[in-house]
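Let me begin by presenting the structure, written as structure tokens, before commenting on it.
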Amino acid sequence: MSPPSDQHRTALICGITGQDGCYLAAHLLGLGYRVVGTSRDATPARLGGLRQLGIDQQVVIEPASLAEAELLVNLIERERPDVIYHLAGQSSVAVSFDKPAETFESIATSTLHLLEAIRTAAVPPRLFVAGSSEIFGTRQTTPVTCESTLDPQNPYAVAKTTAFRIVQQYRREHGLFACTGVLFNHESPLRPARFVTQKIVAGACEIAAGRQQELRLGDLSMERDWGWAPEYVVAMEQMLTRDTPEDFILATGRSHRLQDFVAAAFRSVGLDWQDYVVQDEQFVRPHDGSHPLASVAETTERLGWTATVQLSELVRRMVAARQSDEVASVSRAA
Ligand code: NDP
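Going left to right, the sequence shown walks through residues 5 to 338 as my numbering numbers them.
Structure below.
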């Protein structure tokens with residue numbers, strides 16, 4: 005299990021079309037990796053994020069679903085990756101209530117399939133699995149570490165908790181180099197529109213452009229730790245180039261209210277959020293309680309990674325990216 009070191013390392017990114025998959029692919033290409041990625045639907049429309057980063061022609065896309073164990077074995081045999089990143093799966097808590105089976109299979113069962121494929125590979129690749137702060141629930145009162153009590157409170161969290169434990173069990177039982185990055189929220193211009201952060205950025209920009217009058221949101225007091233996604237993929241890569249596999253919390257260590265995110269977005273377009281935002285009961289979700297604070301001391305000390313982009317800068321970047329997209333689409337249409 006020596007760390008991959010030569011210049012022709014191959015990385016397999018499961019879920020390459022997602023926010024993190026795109027940034028990770030760009031980061032790994034920059035480090036000299038050959039990058040192969042899976043997508044269930046490798047149509048041009050799904051490759052928008054990779055295209056936005058200008059790397060869609062530099063990666064190899066394999067149409068694949070992680071539901072098929074044999075297909076994964078064949079893929080690993082054929083591509084012989086040195087490292088595998090499991091970033092695929094149904095990633096919305098809200099959707100997980102409507103699709104619990106799909107959520108579980110795409111997160112937990114897929115992790116098991118990957119671990120089995122790696123365990124039986126001639127040369128086992130290293131594996132990073134995307135975990136989630138949702139595993140801690142909303143009732144913890146002290147900053148959480150990877151050893152904290154797990155208290156999953158929704159189908160997505162149950163699936164992430166199962167995957168987290170399976171990875172630990174395979175590491176213990178089979179000595180695999182497999183680890184989980186327990187990811188707190190992280191955002192970017194590539195965040196899908198269904199997430200509230202993109203809804204806020206879009207709303208502020210539309211209101212500033214005079215195309216929308218108000219923005220309706222749920223509970224503005226709920227707290228999250230929001231980081232900048234392109235920084236988080238650097239930590240993922242670092243986790244797979246250490247001497248030993250270990251789980252780490254990936255977070256900024258600072259929590260903010262949704263209201264702070266909203267205020268920053270409107271500030272970025274020169275407006276006061278209080279003039280435009282309406283709190284609407286229909287958007288309040290009972291499962292959206294505040295997440296616990298993250299303890300990032302171990303991550304800083306042992307992984308040597310720290311998130312540097314703070315909330316107001318992160319929001320400013322998302323707003324600027326949306327506004328420059330609008331300018332580009334207007335000039336394309338002209
Ligand atoms: P995205 O939702 O942007 O991307 C996930 C990718 O997984 C999609 O592009 C899609 O690829 C694939 N996918 C989506 N639904 C399914 C499904 N039902 N079955 C199988 N594959 C599916 O997620 P992110 O990039 O933001 O996150 C990466 C990982 O990190 C995910 O596991 C997420 O749960 C986790 N995470 C993310 C956080 C965040 O704040 N971003 C916070 C905590 C955890 P395709 O359609 O091409 O197959």
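In this text, a Cβ means the ideal position worked out from N, Cα and C, and glycines have one as well.
Beta carbon of residue i nearer than 8 Å to that of residue j
{"i": "residue 269", "j": "residue 323", "result": "yes"}
{"i": "residue 28", "j": "residue 240", "result": "yes"}
{"i": "residue 144", "j": "residue 296", "result": "yes"}
{"i": "residue 280", "j": "residue 330", "result": "no"}
{"i": "residue 284", "j": "residue 224", "result": "no"}
{"i": "residue 14", "j": "residue 37", "result": "yes"}
{"i": "residue 233", "j": "residue 191", "result": "yes"}
{"i": "residue 49", "j": "residue 67", "result": "no"}
{"i": "residue 159", "j": "residue 104", "result": "yes"}
{"i": "residue 77", "j": "residue 124", "result": "yes"}
{"i": "residue 96", "j": "residue 198", "result": "yes"}
{"i": "residue 44", "j": "residue 87", "result": "no"}
Neighbourhood of residue i by C-beta distance below 7 Å, restricted to the same chain and skipping five residues each side
{"i": "residue 293", "result": "142 and 226"}
{"i": "residue 60", "result": "51 and 54"}
{"i": "residue 17", "result": "25, 28, 29, 39, 41, 89 and 91"}
{"i": "residue 235", "result": "311, 312 and 313"}
{"i": "residue 83", "result": "14, 16 and 40"}
{"i": "residue 327", "result": "209"}
{"i": "residue 287", "result": "220, 221 and 222"}
{"i": "residue 152", "result": "140 and 144"}
{"i": "residue 115", "result": "90, 133, 167, 170 and 171"}
Cβ distance (whole Å) where residue i is taken to contact residue j below 8 Å
{"i": "residue 70", "j": "residue 117", "result": "6 Å"}
{"i": "residue 156", "j": "residue 148", "result": "At roughly 13 Å, the Cβ-Cβ gap does not stay under 8 Å, so residue 156 and residue 148 are not in contact."}
{"i": "residue 307", "j": "residue 242", "result": "6 Å"}
{"i": "residue 275", "j": "residue 212", "result": "6 Å"}
{"i": "residue 4", "j": "residue 93", "result": "The question about residue 4 has no answer here: the residues shown for the chain are numbered 5 through 338."}
{"i": "residue 98", "j": "residue 261", "result": "No, residue 98 and residue 261 are not in contact; Cβ-Cβ is about 19 Å, not under 8 Å."}
{"i": "residue 195", "j": "residue 229", "result": "Between residue 229 and residue 195 the Cβ distance is about 15 Å, and since that is not below 8 Å, they are no contact."}
{"i": "residue 237", "j": "residue 31", "result": "5 Å"}
Contact set for residue i: own chain, Cβ-Cβ below 6 Å, skip 5 residues either direction
{"i": "residue 174", "result": "119, 180 and 182"}
{"i": "residue 110", "result": "93 and 94"}
{"i": "residue 64", "result": "40"}
{"i": "residue 178", "result": "123"}
Residues near residue i by beta carbon distance below 8 Å, same chain, minus five either side
{"i": "residue 106", "result": "94"}
{"i": "residue 300", "result": "253, 255, 256, 257, 310 and 311"}
{"i": "residue 127", "result": "84"}
{"i": "residue 216", "result": "207 and 210"}
Please write down, chain order preserved, every residue whose beta carbon lies under 6 Å from a heavy atom of the ligand NDP.
19, 21, 22, 23, 24, 25, 43, 44, 45, 50, 91, 92, 93, 94, 95, 106, 110, 134, 136, 187, 189, 190 and 196
Can we say the segment 161–179 touches the segment 133–141, given the rule of at least three CB pairs closer than 8 Å?
yes
Can at least three beta-carbon pairs, one atom from the segment 249–261 and one from the segment 178–192, be found at a separation below 8 Å?
yes
For the structure I just gave you, are there three or more beta carbon pairs, one from the segment 199–213 and one from the segment 265–280, closer than 8 Å?
yes
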